[in-house]
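What follows is one structure encoded as C-alpha coordinates, with my remarks underneath.
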(Lines of atoms letter the chains of each structure in order from A and count residues from 1; the text may use other names and numbers.)
(Lines give C-alpha, C1' and ligand atoms only; values in the text may rest on other atoms or scores of the structure.)
Protein backbone atom coordinates (compact mmCIF):
# COMPACT_ATOMS: atom_id res chain seq x y z
CA UNK A 1 0.00 0.00 0.00
CA UNK A 2 2.97 2.33 0.60
CA UNK A 3 3.97 1.92 -3.05
CA UNK A 4 0.44 2.70 -4.17
CA UNK A 5 0.42 5.89 -2.07
CA UNK A 6 3.67 7.01 -3.70
CA UNK A 7 2.18 6.36 -7.14
CA UNK A 8 -0.87 8.45 -6.21
CA UNK A 9 1.40 11.31 -5.09
CA UNK A 10 3.52 11.13 -8.25
CA UNK A 11 0.43 11.02 -10.46
CA UNK A 12 -1.03 14.09 -8.72
CA UNK A 13 2.28 15.93 -9.03
CA UNK A 14 2.47 15.05 -12.73
CA UNK A 15 -1.00 16.47 -13.31
CA UNK A 16 -0.06 19.72 -11.56
CA UNK A 17 3.18 20.09 -13.47
CA UNK A 18 1.82 19.23 -16.91
CA UNK A 19 -1.52 20.93 -16.48
CA UNK A 20 -3.33 17.78 -17.68
CA UNK A 21 -6.95 17.74 -16.63
CA UNK A 22 -8.59 14.34 -16.12
CA UNK A 23 -11.91 13.71 -17.83
CA UNK A 24 -14.48 14.38 -15.17
CA UNK A 25 -17.37 12.02 -14.70
CA UNK A 26 -19.61 15.06 -14.10
CA UNK A 27 -19.11 16.19 -17.73
CA UNK A 28 -20.98 13.14 -18.96
CA UNK A 29 -24.80 12.89 -18.90
CA UNK A 30 -24.39 9.57 -17.10
CA UNK A 31 -22.45 8.20 -14.17
CA UNK A 32 -18.90 7.08 -14.99
CA UNK A 33 -17.59 4.27 -12.84
CA UNK A 34 -15.96 0.85 -12.80
CA UNK A 35 -15.66 -2.02 -10.34
CA UNK A 36 -12.65 -2.84 -8.19
CA UNK A 37 -11.39 -6.18 -6.89
CA UNK A 38 -13.97 -6.11 -4.10
CA UNK A 39 -16.83 -5.61 -6.61
CA UNK A 40 -17.38 -2.09 -5.30
CA UNK A 41 -18.39 0.61 -7.76
CA UNK A 42 -15.72 3.34 -7.86
CA UNK A 43 -15.80 6.63 -9.75
CA UNK A 44 -13.76 6.74 -12.95
CA UNK A 45 -13.14 9.22 -15.78
CA UNK A 46 -15.58 8.92 -18.66
CA UNK A 47 -14.14 6.76 -21.45
CA UNK A 48 -16.64 7.94 -24.07
CA UNK A 49 -18.80 11.04 -24.39
CA UNK A 50 -21.72 11.69 -26.76
CA UNK A 51 -20.64 13.73 -29.77
CA UNK A 52 -23.86 13.97 -31.75
CA UNK A 53 -27.38 12.66 -32.17
CA UNK A 54 -28.76 11.72 -35.60
CA UNK A 55 -32.45 11.42 -36.46
CA UNK A 56 -34.28 10.63 -39.65
CA UNK A 57 -35.80 14.09 -39.73
CA UNK A 58 -32.34 15.69 -39.58
CA UNK A 59 -31.29 13.49 -42.50
CA UNK A 60 -34.28 14.70 -44.53
CA UNK A 61 -35.89 11.27 -44.91
CA UNK A 62 -38.56 11.48 -42.21
CA UNK A 63 -38.42 10.09 -38.68
CA UNK A 64 -37.16 6.61 -38.03
CA UNK A 65 -39.96 4.33 -36.84
CA UNK A 66 -38.95 1.61 -34.39
CA UNK A 67 -35.52 0.96 -35.94
CA UNK A 68 -34.34 -2.50 -34.93
CA UNK A 69 -30.74 -2.90 -36.08
CA UNK A 70 -27.69 -1.17 -37.52
CA UNK A 71 -24.44 -2.24 -39.16
CA UNK A 72 -21.35 -0.25 -40.11
CA UNK A 73 -19.35 -1.88 -42.90
CA UNK A 74 -15.59 -1.95 -43.36
CA UNK A 75 -15.93 0.82 -45.96
CA UNK A 76 -17.51 3.09 -43.33
CA UNK A 77 -21.09 3.00 -44.64
CA UNK A 78 -23.83 2.72 -42.02
CA UNK A 79 -26.88 0.55 -42.70
CA UNK A 80 -29.89 1.37 -40.53
CA UNK A 81 -32.76 -1.10 -40.53
CA UNK A 82 -35.77 1.20 -40.12
CA UNK A 83 -38.21 -1.62 -39.35
CA UNK A 84 -41.34 0.44 -38.73
CA UNK A 85 -40.94 2.06 -42.15
CA UNK A 86 -39.86 -1.25 -43.72
CA UNK A 87 -36.76 0.27 -45.28
CA UNK A 88 -32.97 0.29 -45.23
CA UNK A 89 -31.25 3.64 -44.84
CA UNK A 90 -27.65 3.76 -46.05
CA UNK A 91 -25.40 6.55 -44.73
CA UNK A 92 -21.85 7.38 -45.74
CA UNK A 93 -18.89 7.99 -43.42
CA UNK A 94 -19.98 11.63 -42.98
CA UNK A 95 -23.50 10.59 -41.90
CA UNK A 96 -25.09 11.73 -45.14
CA UNK A 97 -27.80 9.69 -46.86
CA UNK A 98 -26.51 7.66 -49.83
CA UNK A 99 -29.72 5.81 -50.56
CA UNK A 100 -32.80 4.19 -49.07
CA UNK A 101 -34.03 0.74 -50.04
CA UNK A 102 -37.75 0.16 -49.56
CA UNK A 103 -38.55 -2.31 -52.36
CA UNK A 104 -36.68 -4.73 -54.59
CA UNK A 105 -37.50 -6.74 -57.68
CA UNK A 106 -38.27 -10.40 -56.90
CA UNK A 107 -38.96 -12.48 -60.00
CA UNK A 108 -40.59 -9.54 -61.75
CA UNK A 109 -42.62 -8.37 -58.76
CA UNK A 110 -41.98 -5.51 -56.36
CA UNK A 111 -41.24 -7.05 -52.98
CA UNK A 112 -41.00 -5.40 -49.56
CA UNK A 113 -39.85 -6.17 -46.02
CA UNK A 114 -42.16 -7.03 -43.15
CA UNK A 115 -40.94 -6.22 -39.63
CA UNK A 116 -37.27 -7.02 -40.40
CA UNK A 117 -35.10 -7.58 -37.31
CA UNK A 118 -31.44 -7.74 -38.35
CA UNK A 119 -29.04 -6.41 -40.97
CA UNK A 120 -25.44 -7.08 -42.03
CA UNK A 121 -23.22 -5.95 -44.93
CA UNK A 122 -20.23 -8.05 -46.03
CA UNK A 123 -16.89 -6.85 -47.43
CA UNK A 124 -18.33 -6.84 -50.96
CA UNK A 125 -21.15 -4.51 -49.96
CA UNK A 126 -23.84 -7.20 -50.17
CA UNK A 127 -26.67 -6.62 -47.69
CA UNK A 128 -28.19 -9.42 -45.61
CA UNK A 129 -31.59 -8.70 -44.05
CA UNK A 130 -33.35 -10.90 -41.49
CA UNK A 131 -36.86 -10.32 -42.85
CA UNK A 132 -38.55 -11.71 -39.76
CA UNK A 133 -42.29 -11.71 -40.48
CA UNK A 134 -41.70 -12.77 -44.08
CA UNK A 135 -39.83 -15.81 -42.65
CA UNK A 136 -36.70 -15.37 -44.77
CA UNK A 137 -33.24 -13.86 -45.14
CA UNK A 138 -32.98 -11.51 -48.12
CA UNK A 139 -29.59 -10.90 -49.74
CA UNK A 140 -29.22 -7.75 -51.84
CA UNK A 141 -26.42 -5.99 -53.67
CA UNK A 142 -25.24 -2.62 -52.38
CA UNK A 143 -27.60 -1.02 -54.93
CA UNK A 144 -30.60 -3.01 -53.71
CA UNK A 145 -30.76 -5.72 -56.39
CA UNK A 146 -31.89 -9.15 -55.19
CA UNK A 147 -29.18 -11.84 -55.10
CA UNK A 148 -30.99 -14.63 -53.26
CA UNK A 149 -33.59 -15.48 -50.66
CA UNK A 150 -32.98 -18.02 -47.90
CA UNK A 151 -36.18 -19.52 -46.51
CA UNK A 152 -37.77 -22.82 -45.50
CA UNK A 153 -34.49 -24.60 -44.64
CA UNK A 154 -34.61 -28.38 -44.92
CA UNK A 155 -32.68 -30.87 -42.84
CA UNK A 156 -33.14 -34.11 -40.92
CA UNK A 157 -32.42 -32.23 -37.68
CA UNK A 158 -35.30 -29.80 -38.24
CA UNK A 159 -38.84 -30.67 -37.17
CA UNK A 160 -41.48 -31.05 -39.89
CA UNK A 161 -43.40 -28.09 -38.51
CA UNK A 162 -40.26 -25.93 -38.07
CA UNK A 163 -40.92 -22.22 -38.64
CA UNK A 164 -37.93 -20.21 -39.82
CA UNK A 165 -38.23 -16.66 -38.40
CA UNK A 166 -34.78 -15.01 -38.55
CA UNK A 167 -34.22 -12.04 -36.23
CA UNK A 168 -30.45 -11.45 -36.51
CA UNK A 169 -27.82 -12.34 -39.11
CA UNK A 170 -24.07 -12.07 -39.61
CA UNK A 171 -21.65 -13.45 -42.22
CA UNK A 172 -18.02 -14.62 -42.05
CA UNK A 173 -15.22 -14.27 -44.60
CA UNK A 174 -16.23 -17.55 -46.26
CA UNK A 175 -19.77 -16.19 -46.83
CA UNK A 176 -21.25 -18.57 -44.25
CA UNK A 177 -24.35 -17.08 -42.67
CA UNK A 178 -25.09 -17.29 -38.95
CA UNK A 179 -28.72 -16.67 -38.12
CA UNK A 180 -30.53 -16.22 -34.82
CA UNK A 181 -34.09 -17.45 -35.38
CA UNK A 182 -37.06 -16.81 -33.14
CA UNK A 183 -38.07 -19.76 -30.97
CA UNK A 184 -34.94 -21.80 -31.78
CA UNK A 185 -33.29 -23.21 -28.64
CA UNK A 186 -30.78 -25.53 -30.31
CA UNK A 187 -28.30 -22.77 -31.10
CA UNK A 188 -27.34 -20.43 -33.93
CA UNK A 189 -28.34 -21.62 -37.40
CA UNK A 190 -25.50 -21.87 -39.92
CA UNK A 191 -25.90 -21.69 -43.71
CA UNK A 192 -23.36 -22.03 -46.51
CA UNK A 193 -22.77 -19.52 -49.29
CA UNK A 194 -25.61 -20.96 -51.35
CA UNK A 195 -28.08 -20.80 -48.47
CA UNK A 196 -28.03 -24.48 -47.53
CA UNK A 197 -28.61 -25.21 -43.85
CA UNK A 198 -25.50 -26.77 -42.29
CA UNK A 199 -26.55 -27.21 -38.68
CA UNK A 200 -26.52 -25.50 -35.30
CA UNK A 201 -23.61 -23.76 -33.60
CA UNK A 202 -23.13 -23.07 -29.90
CA UNK A 203 -26.02 -24.80 -28.20
CA UNK A 204 -26.61 -23.24 -24.78
CA UNK A 205 -26.30 -25.87 -22.08
CA UNK A 206 -29.11 -25.79 -19.55
CA UNK A 207 -28.57 -25.78 -15.80
CA UNK A 208 -30.92 -28.22 -14.13
CA UNK A 209 -32.47 -27.75 -10.74
CA UNK A 210 -31.90 -31.24 -9.34
CA UNK A 211 -34.49 -30.75 -6.63
CA UNK A 212 -37.12 -30.27 -9.36
CA UNK A 213 -35.60 -33.19 -11.23
CA UNK A 214 -36.07 -35.42 -8.16
CA UNK A 215 -39.69 -34.37 -7.72
CA UNK A 216 -40.30 -35.02 -11.41
CA UNK A 217 -39.22 -38.62 -10.93
CA UNK A 218 -41.73 -39.28 -8.15
CA UNK A 219 -44.59 -37.11 -9.44
CA UNK A 220 -47.78 -38.23 -11.16
CA UNK A 221 -48.50 -37.49 -14.83
CA UNK A 222 -50.84 -34.64 -13.86
CA UNK A 223 -48.18 -33.08 -11.64
CA UNK A 224 -45.50 -33.46 -14.33
CA UNK A 225 -47.73 -31.66 -16.83
CA UNK A 226 -47.79 -28.60 -14.58
CA UNK A 227 -44.03 -28.51 -14.04
CA UNK A 228 -41.71 -26.18 -15.97
CA UNK A 229 -39.77 -27.94 -18.72
CA UNK A 230 -35.97 -27.82 -18.90
CA UNK A 231 -35.72 -25.69 -22.06
CA UNK A 232 -32.45 -24.05 -23.16
CA UNK A 233 -32.56 -20.31 -23.77
CA UNK A 234 -32.27 -18.42 -27.03
CA UNK A 235 -29.45 -16.31 -28.39
CA UNK A 236 -30.38 -12.66 -28.79
CA UNK A 237 -27.64 -11.28 -31.06
CA UNK A 238 -24.25 -12.03 -32.56
CA UNK A 239 -21.14 -10.61 -34.20
CA UNK A 240 -18.06 -12.16 -35.75
CA UNK A 241 -14.35 -11.30 -35.51
CA UNK A 242 -11.68 -11.46 -38.22
CA UNK A 243 -10.65 -14.95 -37.08
CA UNK A 244 -14.11 -16.39 -37.63
CA UNK A 245 -15.09 -16.64 -33.96
CA UNK A 246 -18.73 -15.83 -33.28
CA UNK A 247 -19.53 -13.60 -30.30
CA UNK A 248 -23.10 -14.18 -29.15
CA UNK A 249 -25.43 -12.92 -26.43
CA UNK A 250 -28.36 -14.78 -24.93
CA UNK A 251 -31.59 -13.60 -23.33
CA UNK A 252 -31.45 -15.81 -20.24
CA UNK A 253 -31.66 -13.25 -17.42
CA UNK A 254 -30.21 -15.66 -14.87
CA UNK A 255 -27.27 -16.74 -17.03
CA UNK A 256 -23.77 -16.41 -15.59
CA UNK A 257 -22.42 -16.44 -19.16
CA UNK A 258 -24.58 -13.98 -21.12
CA UNK A 259 -21.75 -13.50 -23.64
CA UNK A 260 -20.04 -16.36 -25.45
CA UNK A 261 -17.22 -16.65 -27.96
CA UNK A 262 -17.80 -19.67 -30.16
CA UNK A 263 -15.03 -21.38 -32.10
CA UNK A 264 -15.73 -23.23 -35.40
CA UNK A 265 -16.70 -26.31 -33.39
CA UNK A 266 -19.31 -24.34 -31.47
CA UNK A 267 -17.44 -24.42 -28.15
CA UNK A 268 -17.40 -21.38 -25.88
CA UNK A 269 -13.78 -20.16 -25.63
CA UNK A 270 -14.37 -16.73 -24.12
CA UNK A 271 -11.70 -15.91 -21.53
CA UNK A 272 -13.04 -14.89 -18.13
CA UNK A 273 -9.92 -14.03 -16.13
CA UNK A 274 -11.18 -10.75 -14.66
CA UNK A 275 -12.14 -10.09 -11.05
CA UNK A 276 -15.68 -11.21 -11.83
CA UNK A 277 -17.72 -12.83 -14.60
CA UNK A 278 -18.34 -11.14 -17.95
CA UNK A 279 -21.91 -10.31 -17.00
CA UNK A 280 -22.36 -6.56 -17.18
CA UNK A 281 -23.42 -4.46 -14.21
CA UNK A 282 -22.78 -5.82 -10.72
CA UNK A 283 -24.41 -2.98 -8.81
CA UNK A 284 -27.62 -3.07 -10.86
CA UNK A 285 -28.01 -6.75 -10.09
CA UNK A 286 -28.89 -5.73 -6.53
CA UNK A 287 -31.24 -2.92 -7.58
CA UNK A 288 -33.21 -3.50 -10.79
CA UNK A 289 -31.98 -6.91 -11.85
CA UNK A 290 -29.10 -8.25 -13.93
CA UNK A 291 -27.85 -6.87 -17.19
CA UNK A 292 -29.54 -8.11 -20.34
CA UNK A 293 -27.33 -7.86 -23.41
CA UNK A 294 -29.23 -7.19 -26.63
CA UNK A 295 -26.22 -6.66 -28.88
CA UNK A 296 -22.46 -7.13 -28.99
CA UNK A 297 -19.74 -5.53 -31.08
CA UNK A 298 -16.21 -6.85 -31.66
CA UNK A 299 -13.89 -3.84 -31.53
CA UNK A 300 -10.66 -5.60 -32.52
CA UNK A 301 -7.48 -6.40 -30.58
CA UNK A 302 -9.51 -8.76 -28.41
CA UNK A 303 -11.85 -6.02 -27.17
CA UNK A 304 -15.63 -6.21 -27.39
CA UNK A 305 -18.59 -4.15 -26.16
CA UNK A 306 -21.90 -5.47 -24.89
CA UNK A 307 -25.06 -3.33 -24.96
CA UNK A 308 -27.17 -3.72 -21.82
CA UNK A 309 -30.84 -2.84 -22.23
CA UNK A 310 -31.59 -3.05 -18.51
CA UNK A 311 -29.65 0.10 -17.59
CA UNK A 312 -28.84 1.33 -21.09
CA UNK A 313 -25.10 0.97 -20.59
CA UNK A 314 -22.20 -0.22 -22.72
CA UNK A 315 -19.67 -2.58 -21.10
CA UNK A 316 -16.31 -3.00 -22.83
CA UNK A 317 -13.95 -5.90 -22.05
CA UNK A 318 -10.49 -6.95 -23.17
CA UNK A 319 -9.58 -10.39 -24.50
CA UNK A 320 -9.01 -11.76 -20.98
CA UNK A 321 -12.37 -10.65 -19.64
CA UNK A 322 -11.28 -7.55 -17.71
CA UNK A 323 -13.92 -4.82 -17.60
CA UNK A 324 -12.22 -1.80 -19.17
CA UNK A 325 -14.92 0.85 -18.86
CA UNK A 326 -18.64 1.56 -18.74
CA UNK A 327 -20.55 4.36 -20.43
CA UNK A 328 -24.13 5.28 -21.24
CA UNK A 329 -27.34 5.18 -19.23
CA UNK A 330 -31.07 5.68 -19.48
CA UNK A 331 -32.58 9.16 -19.52
CA UNK A 332 -33.75 12.03 -21.68
CA UNK A 333 -30.44 13.84 -22.22
CA UNK A 334 -28.35 13.44 -25.36
CA UNK A 335 -26.12 10.44 -24.78
CA UNK A 336 -28.66 8.53 -22.73
CA UNK A 337 -31.10 5.97 -24.07
CA UNK A 338 -34.69 4.86 -23.85
CA UNK A 339 -34.55 1.47 -25.61
CA UNK A 340 -31.06 0.79 -27.03
CA UNK A 341 -31.05 -2.05 -29.55
CA UNK A 342 -27.75 -2.02 -31.49
CA UNK A 343 -24.11 -1.01 -31.08
CA UNK A 344 -21.50 -0.55 -33.80
CA UNK A 345 -18.00 0.86 -34.28
CA UNK A 346 -17.02 3.70 -36.60
CA UNK A 347 -13.27 4.27 -36.47
CA UNK A 348 -12.47 5.10 -32.84
CA UNK A 349 -16.11 5.96 -32.13
CA UNK A 350 -18.83 3.71 -30.79
CA UNK A 351 -22.34 4.19 -32.18
CA UNK A 352 -25.62 3.16 -30.55
CA UNK A 353 -29.05 2.87 -32.15
CA UNK A 354 -31.94 3.77 -29.81
CA UNK A 355 -35.29 2.40 -30.90
CA UNK A 356 -37.16 4.24 -28.14
CA UNK A 357 -35.87 7.68 -29.17
CA UNK A 358 -35.59 6.69 -32.87
CA UNK A 359 -32.09 8.12 -33.16
CA UNK A 360 -28.41 7.26 -33.49
CA UNK A 361 -25.91 8.44 -30.87
CA UNK A 362 -22.22 8.78 -31.80
CA UNK A 363 -19.81 8.47 -28.87
CA UNK A 364 -16.24 9.73 -29.11
CA UNK A 365 -13.43 8.48 -26.86
CA UNK A 366 -12.02 10.86 -24.26
CA UNK A 367 -8.28 11.15 -23.55
CA UNK A 368 -8.76 8.46 -20.90
CA UNK A 369 -10.64 6.15 -23.27
CA UNK A 370 -8.06 6.60 -26.04
CA UNK A 371 -5.20 5.72 -23.68
CA UNK A 372 -6.92 2.60 -22.39
CA UNK A 373 -7.70 1.42 -25.93
CA UNK A 374 -4.15 2.19 -27.02
CA UNK A 375 -2.63 0.28 -24.11
CA UNK A 376 -4.84 -2.76 -24.67
CA UNK A 377 -4.08 -2.83 -28.41
CA UNK A 378 -0.32 -2.56 -27.84
CA UNK A 379 -0.38 -5.35 -25.29
CA UNK A 380 -2.49 -7.50 -27.64
CA UNK A 381 0.09 -7.25 -30.45
CA UNK A 382 3.03 -7.76 -28.09
CA UNK A 383 4.25 -4.15 -27.92
CA UNK A 384 4.46 -4.17 -24.13
CA UNK A 385 6.92 -1.29 -23.84
CA UNK A 386 4.52 0.97 -25.71
CA UNK A 387 1.66 -0.40 -23.63
CA UNK A 388 3.47 0.57 -20.42
CA UNK A 389 3.79 4.17 -21.63
CA UNK A 390 0.04 4.31 -22.16
CA UNK A 391 -0.72 2.61 -18.84
CA UNK A 392 1.42 5.15 -16.98
CA UNK A 393 -0.57 7.97 -18.58
CA UNK A 394 -3.80 6.18 -17.66
CA UNK A 395 -2.68 6.15 -14.03
CA UNK A 396 -2.08 9.89 -14.23
CA UNK A 397 -5.78 10.29 -15.07
CA UNK A 398 -7.07 7.58 -12.74
CA UNK A 399 -4.64 6.26 -10.13
CA UNK A 400 -7.24 3.73 -8.94
CA UNK A 401 -7.40 1.96 -12.30
CA UNK A 402 -6.32 -1.54 -11.28
CA UNK A 403 -6.06 -2.88 -14.83
CA UNK A 404 -3.22 -0.42 -15.53
CA UNK A 405 -1.18 -1.87 -12.67
CA UNK A 406 -1.84 -5.36 -14.03
CA UNK A 407 -0.84 -4.26 -17.53
CA UNK A 408 2.45 -2.81 -16.28
CA UNK A 409 3.04 -5.94 -14.23
CA UNK A 410 2.60 -8.15 -17.29
CA UNK A 411 5.08 -6.03 -19.20
CA UNK A 412 7.57 -6.34 -16.33
CA UNK A 413 7.00 -10.09 -16.33
CA UNK A 414 7.78 -10.28 -20.04
CA UNK A 415 11.01 -8.36 -19.39
CA UNK A 416 11.84 -10.84 -16.59
CA UNK A 417 11.72 -8.08 -13.99
CA UNK A 418 9.91 -10.41 -11.64
CA UNK A 419 10.34 -8.48 -8.41
CA UNK A 420 8.91 -5.29 -9.91
CA UNK A 421 6.13 -7.30 -11.52
CA UNK A 422 5.16 -8.65 -8.11
CA UNK A 423 4.67 -5.16 -6.71
CA UNK A 424 2.43 -4.10 -9.61
CA UNK A 425 0.36 -7.27 -9.48
CA UNK A 426 -0.11 -6.64 -5.76
CA UNK A 427 -1.36 -3.12 -6.49
CA UNK A 428 -3.71 -4.51 -9.13
CA UNK A 429 -4.88 -7.33 -6.84
CA UNK A 430 -4.03 -9.93 -9.48
CA UNK A 431 -3.27 -12.89 -7.25
CA UNK A 432 -2.78 -15.42 -10.02
CA UNK A 433 -0.21 -13.32 -11.87
CA UNK A 434 1.44 -12.42 -8.55
CA UNK A 435 1.93 -16.14 -7.87
CA UNK A 436 3.56 -16.61 -11.28
CA UNK A 437 5.89 -13.66 -10.69
CA UNK A 438 6.69 -14.88 -7.18
CA UNK A 439 7.63 -18.37 -8.41
CA UNK A 440 9.87 -16.89 -11.09
CA UNK A 441 11.46 -14.48 -8.63
CA UNK A 442 12.08 -17.29 -6.15
CA UNK A 443 13.69 -19.38 -8.88
CA UNK A 444 15.76 -16.36 -9.90
CA UNK A 445 16.99 -15.79 -6.33
CA UNK A 446 17.79 -19.46 -5.87
CA UNK A 447 19.72 -19.55 -9.12
CA UNK A 448 21.64 -16.39 -8.26
CA UNK A 449 22.63 -17.51 -4.77
CA UNK A 450 22.80 -21.25 -5.33
CA UNK A 451 26.60 -21.34 -5.56
CA UNK A 452 27.09 -19.26 -2.45
CA UNK A 453 24.53 -21.28 -0.51
CA UNK A 454 26.04 -24.61 -1.55
CA UNK A 455 29.55 -23.40 -0.70
CA UNK A 456 28.36 -22.29 2.72
CA UNK A 457 26.61 -25.63 3.30
CA UNK A 458 29.69 -27.61 2.21
CA UNK A 459 32.00 -25.57 4.43
CA UNK A 460 29.59 -25.90 7.34
CA UNK A 461 29.31 -29.66 6.78
CA UNK A 462 33.09 -30.00 6.52
CA UNK A 463 33.57 -28.00 9.69
CA UNK A 464 30.95 -30.07 11.48
CA UNK A 465 32.49 -33.41 10.50
CA UNK A 466 35.99 -32.09 11.29
CA UNK A 467 34.79 -31.06 14.72
CA UNK A 468 33.17 -34.48 15.29
CA UNK A 469 36.31 -36.29 14.14
CA UNK A 470 38.56 -34.14 16.32
CA UNK A 471 36.30 -34.66 19.30
CA UNK A 472 36.31 -38.41 18.80
CA UNK A 473 40.11 -38.43 18.42
CA UNK A 474 40.51 -36.47 21.66
CA UNK A 475 38.21 -38.89 23.45
CA UNK A 476 40.21 -41.91 22.23
CA UNK A 477 43.46 -40.25 23.21
CA UNK A 478 42.13 -39.47 26.69
CA UNK A 479 40.90 -43.07 27.05
CA UNK A 480 44.39 -44.41 26.06
CA UNK A 481 46.11 -42.26 28.66
CA UNK A 482 43.79 -43.48 31.40
CA UNK A 483 44.48 -47.13 30.41
CA UNK A 484 48.26 -46.64 30.58
CA UNK A 485 47.97 -44.96 33.99
CA UNK A 486 46.24 -47.96 35.49
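Residue numbers (the working numbering): 225 to 710. By construction, the Cβ of each residue, glycine as well, lies at the ideal position given by its N, Cα and C atoms. Here the structure is a predicted model, which means the values were calculated and not measured.
As DSSP reads the structure, residue 293 sits in a beta bridge with 305. In this structure the region 487-497 lies against the region 528-547, because at least three pairs of beta carbons, one per stretch, are closer than 8 Å. Look at residue 651 here: in three-state DSSP terms it is helix.
For the region 580-616, the full-length alpha helix (DSSP H) segments reaching 4 residues or more read 591-604 along the chain. The residues 637, in chain order, have a CB closer than 8 Å to that of residue 660 in the same chain once the five nearest residues on each side in sequence are set aside. Residue 551 is classed as buried because its beta carbon has at least 16 other beta carbons within 10 Å across all chains shown. Ranked by Cα distance from residue 263, the first of 505, 279, 271 is 505.
Judged by DSSP secondary structure, residue 568 falls within the beta strand (DSSP E) whose first and last residues are 564-570. Setting aside the 5 residues that flank it on each side, residue 480 is surrounded in the same chain by 501, 503, each with a C-beta closer than 7 Å to its C-beta; the list follows chain order. With respect to the C-alpha of residue 306, the residue from 561, 281, 394, 487 having the closest C-alpha is 281. Checking the DSSP bridge columns, you'll see residue 323 partnered with 314. Annotation for residue 486: no alpha helix (DSSP H) segment contains it, though the beta strand (DSSP E) segment containing it runs 483-486. In terms of Cβ geometry, residue 462 and residue 394 form a close pair [threshold 7 Å]. Here residue 405 carries a strand assignment [DSSP, helix/strand/coil]. Inter-segment contact for the region 571-584 and the region 599-606 is absent: fewer than three beta-carbon pairs are separated by less than 8 Å. The residue among 372, 268, 490 with its C-alpha nearest the C-alpha of residue 412 is 490. Here residue 685 is exposed, its C-beta having fewer than 16 other C-beta atoms within 10 Å. DSSP, read as helix, strand or coil, puts residue 507 in coil.
Rounded to whole angstroms, the separation of the alpha carbons of residue 469 and residue 323 is 32 Å. Per DSSP, the continuous alpha helix (DSSP H) segment holding residue 634 begins and ends at 626-638. CA-to-CA, the gap between residue 475 and residue 668 works out to about 49 Å.
In the DSSP annotation of this structure, the continuous segment of the beta strand (DSSP E) that includes residue 548 starts and ends at 547-552. With fewer than three CB-CB distances shorter than 8 Å, the region 330-343 does not count as touching the region 314-322.
According to the DSSP assignment, residue 281 belongs to the alpha helix (DSSP H) that extends over 280-283. If you compare the alpha carbons of 625, 631, 358 with that of residue 610, the shortest gap goes to 631. Collapsing the DSSP output to three states places residue 683 in a helix. For residue 459, the enclosing beta strand (DSSP E) starts and ends at 459-464. When secondary structure is reduced to three states using DSSP, residue 643 falls in the helix class. Along the length of the region 518-546, whole beta strand (DSSP E) runs at least 3 residues long occupy 527-532, 537-541, reported in chain order. Judged by DSSP secondary structure, residue 370 falls within the beta strand (DSSP E) whose first and last residues are 370-375. Residue 534 is a Cβ neighbour of residue 516, given a cutoff of 7 Å.
Here residue 416 is exposed: its Cβ has fewer than 16 other Cβ atoms, across all protein chains shown, within 10 Å.
Within the DSSP bridge table, the entry for residue 676 names no partner.
At a Cβ-Cβ threshold of 7 Å, residue 358 and residue 338 count as neighbours.
In this structure, residue 576 lies away from residue 589, with their beta-carbon atoms at least 7 Å apart.
Contact between residue 616 and residue 596 fails: their C-beta atoms lie close to 12 Å from each other, not under 8 Å.
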